[in-house]
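Chains as they are written, first to last, in our numbering: chain U, 659 to 765; chain S, 96 to 213.
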């Protein structure tokens, strides 16, 4: 089983829609979690950190389910600029990356 | 300059060439990393340095040779690479290693060096 697994997508959604996707992790001792976004041919940039049950930042909400070992990212009122690949990162005393979920928001 | 800067941004080299990638961080961080990113695959950790001492070598072939002269600079020396080594090489830094629950282990990435080996 991979340490961090993500649905690769792509998720194609219209502007204004809500989109959500999950990231599962294998190590139950994982301490903290991060969502990074990576635009095409650019570097990953931190979107959100998750240390407890979840976090919310504007239109973005991350939720952690330790019992089922997954974190989710929900994007409300999608904008064209939200089109990117979203990387899930898990800290179990090392940082393990998922392969990313691609989201495309269309006009 | 601010953040993490990488040079060159693009590099094309033959299998017999020797080249180097350079990374510099202006964030006052103590830990620096090299990652390899290939299409549709997760980032692969290659090397980790903490206070300029190597703390992790993730079974990387010896044709990749890192160098960390100080906490702000990191190099990746390349020698006799293979075509399958073509990828985006990302440098990153963090205030400290991800050894505990802390916001200080958040990574800041450079823009990457896109390497093509012919």
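Beta carbons: idealized from backbone N, C-alpha and C, even for Gly.
Mind checking residue i: buried by the 16 CB within 10 Å criterion, or exposed?
i                      : result
residue 207 of chain S : buried
residue 747 of chain U : buried
residue 764 of chain U : exposed
residue 113 of chain S : exposed
residue 713 of chain U : buried
residue 723 of chain U : exposed
Name the residue from the options whose alpha carbon lies nearest to the alpha carbon of residue i.
i                      : options                       : result
residue 205 of chain S : U:703, U:717 and U:751        : U:703
residue 691 of chain U : U:666, U:731 and U:699        : U:731
residue 736 of chain U : U:667, U:663 and U:677        : U:677
residue 188 of chain S : S:182, S:199 and S:178        : S:199
residue 127 of chain S : S:183, S:146 and S:116        : S:146
residue 169 of chain S : S:209, S:121 and S:211        : S:121
residue 181 of chain S : S:111, S:131 and S:123        : S:131
residue 709 of chain U : U:689, U:685, U:725 and U:741 : U:689
For residue i, name the three-state secondary structure that DSSP assigns.
i                      : result
residue 667 of chain U : coil
residue 742 of chain U : strand
residue 715 of chain U : strand
residue 661 of chain U : coil
residue 193 of chain S : coil
residue 126 of chain S : strand
residue 701 of chain U : coil
residue 199 of chain S : helix
residue 137 of chain S : coil
residue 179 of chain S : helix
residue 155 of chain S : coil
residue 754 of chain U : strand
Using beta-carbon positions only, say whether residue i and residue j come within less than 8 Å of one another.
i                      : j                      : result
residue 762 of chain U : residue 670 of chain U : yes
residue 137 of chain S : residue 751 of chain U : no
residue 646 of chain U : residue 661 of chain U : Chain U is shown from 659 up to 765; residue 646 of chain U falls before or after that span and cannot be answered.
residue 707 of chain U : residue 201 of chain S : yes
residue 738 of chain U : residue 696 of chain U : no
residue 163 of chain S : residue 101 of chain S : no
residue 160 of chain S : residue 172 of chain S : yes
residue 668 of chain U : residue 758 of chain U : no
residue 125 of chain S : residue 177 of chain S : no
residue 167 of chain S : residue 119 of chain S : yes
query: In the region 751-763 of chain U, which residues sit with their C-beta less than 9 Å from some C-beta in chain S, listed in chain order?
result: 751, 752, 753, 754, 755, 756, 757 and 758
task: With 7 Å as the limit, tell me which residues of the region 120-144 of chain S have their beta carbon closer than that to any beta carbon of chain U; keep them in chain order.
output: 135, 136, 137 and 138
query: Relative to chain S, which residues along the region 701-712 of chain U have a C-beta separation below 9 Å, given in chain order?
result: 701, 702, 703, 704, 707 and 709
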